[in-house]
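Beneath this line is the structure, given in structure tokens, with notes to follow.
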């Protein structure tokens, strides 16, 4: 097994959660999401973001609005729907449980 492939797969597994988390803070432009994800070393491929945003929108988890820009064409800003907030809360609970489980395995207590 290739270590780089394993790393990519781990990042892909949490990408949806991270994107929803970023959008949950307020209206956000796609390039700002990409910047934050890249900075956090979660994602570096732009072609992955837009199809995922479309899937999340089609599932009813987000919506967008167009905002005029002085520097060019209008920009599409994303925000969570109520359904998206509910889904994000469920993902957060799952992430917390999973992180705790993995931590328990990585650093088991010495209780015998």
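Numbering (UniProt numbering), first residue to last: 1 to 112.
Glycine included, each C-beta is placed from N, C-alpha and C at the ideal position.
The model shown is predicted, which means the values in this text are computed figures rather than measured ones.
task: Locate the alpha helix (DSSP H) running through residue 7, then write down its first and last residues.
output: 3-24
- prompt: Can you list, in chain order, the residues of its chain whose CB lies under 8 Å from that of residue 51, leaving out five sequence neighbours each side?
  reply: none
message: Give me the residue from 92, 104, 103 with the minimum Cα distance to residue 14.
response: 92
Contact set for residue 27: own chain, Cβ-Cβ below 6 Å, skip 5 residues either direction: The beta carbon of residue 27 sits closer than 6 Å to those of 77, 79, all from its chain and outside the five residues before and after it, given in chain order.
- request: Sort out for me which residues DSSP pairs residue 67 with in a bridge.
  value: 75
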